[in-house]
Every structure is written in C-alpha cells, then in structure tokens.
Amino acid sequence: MEAVVKIGTRGSPLALAQAHETRDRLAAAHKHLGAEGAIEIIVLRTTGDRIQSGPLSEAGGKGLFTKEIEDALLNRSIDIAVHSMKDVPTELPDGLIIECILPREDPRDALLTTGAASLADLPQGAVVGTASLRRKAILLNRRPDLNIITFRGNVDT
C-alpha cells in the first residue's frame, strides 16, 4: 500500500517520538489511516543536524532545524511536518501554517548534580551546563553568580 499521508520530521529520538505520536493520533481519529502503511514517517536531515561543531547561534540561528522540512512541505514531498515548537521560527514561510499542536507534555526541567540537592544548594560560581538559551536566562535570573556553559545536545546525548 502506498502511504496516504507522509509525515516529515528530523531523525532525533524526540522528533521521531513526536512523529509516531502524531501518526497514532491521526490513525485513531481517521479509520482509513489505521491500515498498515497508510501513514509513512519520512526522516529528513536538516542544516542543524549537519552542523556538529560550534554554537548554532553562530550558524545563522533561524530555521536551522526546520528549513529542509518546510521545503519538503512546499514541494509536496511530505504532507505534514512535525517539529518541536522550540525549533519553529516566529515567522513561517508563505504558504505554511501551524494547523495543529499536540497536547503539551510535562514542561519541567531537571537539575542533575553530584551533590547539591537543589539549585539553591549549588556553591557560589558553580559551573552549570545547558543546551538551551532559555534555560541559561532562567538560571542566571535566579542565580546570577553561576557560571553557565552552553553546549549542544539532544535527548540521547
């Protein structure tokens, strides 16, 4: 059976989990999409996936994890794009809309340390690593004394 709906997404574990959830919800809502092979998940490699060295903010910043997937939507090689909202630019290309957003999962972050029980228990000037500029801003707002190191990472790394 040729796929009725093609979902485009990145190959990261998070992106694939979101694409599978989207597939499952579509199949549950539309009986004809429940057949084996009716929905195909197509993994697309983005510029952000290819850039492995240096901060992404120095590589152009906007749309690094979405452009190739948006292009695939516009040229109709996929029907649906699945992104993490954190990667979606504030302005979409002409011809694209955000049609649906899945229910939000638990938004809390976790702090992993070798000894401190909480953020307040970290010593003055402690080094904290994060892959998120948003988290860096939140941490510095609460603890301006911390030494925040940004790095690249993903769910599995």
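The opening position of the sequence shown corresponds to residue 381 in my numbering, with each subsequent residue numbered one higher. Note that CB positions come from ideal geometry on N, CA and C, so glycine has one too.
Item                                                                                                                                   : Value
Selected residue, minimal CA-CA separation from residue 502, among 511, 523 and 514                                                    : 523
Minimum C-alpha distance to residue 484 - residue among 520, 386 and 465                                                               : 465
Assigned exposure category for residue 449 - 16 Cβ within 10 Å defines buried                                                          : buried
Residue range of the unbroken beta strand (DSSP E) whose run includes residue 509                                                      : 507 to 510
Contacts around residue 462, its chain only, beta-carbon distance under 8 Å, and the 5 residues preceding and following it disregarded : 387, 388, 389, 395, 398, 399 and 402
Any beta strand (DSSP E) of 3 or more consecutive residues that is wholly inside the stretch 463 to 536                                : 507 to 510 and 527 to 530
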